[in-house]
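This note's numbering applies: residue 73 is where the sequence shown begins, and numbers increase by one. Idealized CB from N, CA, C, for every residue including glycine. The structure presented is a predicted model; accordingly, all values stated were derived computationally and were not measured. Below is one structure, written out as structure tokens; the observations come after it.
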Amino acid sequence: MLKVAGLAVLVLLVAFLGYVSTREGKFKYVRSDLIKAPKDKIYPYISDLKLGGEWSPYEKADPTMKKSFSGPEAGVGATMSFEGNDQSGSGKIEIVKLTPQETVELKLTMIKPMHAENLVTYTLTSEGDATRFTWSMEGDGGFMGKLVHVFIDVEKMVGDQFVQGIQNLKTLVEAKN
């Protein structure tokens, strides 16, 4: 009887892992909103990692986050290493590409809560007298990412964080505009 139960558990485990392995590992999360300000009022906050702390939902969730900066003050090569609580994690973010007043591409390397390398893109698009700010993140979570996605709605969790960050940026910029 114990052997049958053990075999049943093993079969279920193999079936579950098989299911996990068939899931899509690549992802892209995107959120955007209109900010009532021109691009040039928003761009400094997305192209300078030090100013990012004024609106980042991750830094707001962990005011004691340890940060260190390297590379140029701003622009391509500017890097921020961070070590935070469970909500913000720890890792490094580096600006890898800029199109002035339009896009900022960043390489996000997470160490905790799990290792990941993702591409984060901030995009500014003029819409009348306002600017659409779009925040996206894409990557490949591998098997561990697939496993996490079975139990947690990561798209919603990350999307909600992006929405909070966009709202923080909107409030900050519109108050100064």
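Rounded separation between residue i and residue j - CA only
| i | j | result |
| --- | --- | --- |
| Ala133 | Gly163 | 16 Å |
| Gln173 | Ser160 | 27 Å |
| Leu191 | Lys75 | 47 Å |
| Ile107 | Thr193 | 17 Å |
Option nearest residue i by Cα separation, candidates the options
| i | options | result |
| --- | --- | --- |
| Lys228 | Ala80, Ala109, Arg103, Gly78 | Arg103 |
| Met182 | Met209, Ala202, Thr171 | Met209 |
| Asp212 | Asp105, Pro129, Glu189, Ser140 | Glu189 |
| Gly124 | Val230, Leu178, Gly231 | Leu178 |
| Lys138 | Ser128, Asn240, Phe154, His187 | Phe154 |
Outcome for residue i when other beta-carbon atoms lying within 10 angstroms are tallied against a minimum of 16
| i | result |
| --- | --- |
| Ser198 | exposed |
| Asp131 | At residue 131 the sequence reads Glu, which differs from the Asp that was named. Label assigned to Glu131: buried. |
| Lys242 | buried |
| Val176 | buried |
| Gly200 | exposed |
Short CB-CB distance (under 7 Å) between residue i and chain C
| i | result |
| --- | --- |
| Ser140 | Among the chains in the structure shown there is no chain C, since it carries only a single protein chain. |
Whole runs of the beta strand (DSSP E) within the stretch 128 to 155, excluding any shorter than 3 residues: If only uninterrupted beta strand (DSSP E) runs of at least 3 residues are considered, those enclosed by the stretch 128 to 155 are 138 to 142, 151 to 155.
Enumerated in chain order, which unbroken segments of the beta strand (DSSP E) with a length of 3 residues or greater are wholly contained in the stretch 154 to 203? The qualifying runs are 162 to 171, 175 to 184, 188 to 199.
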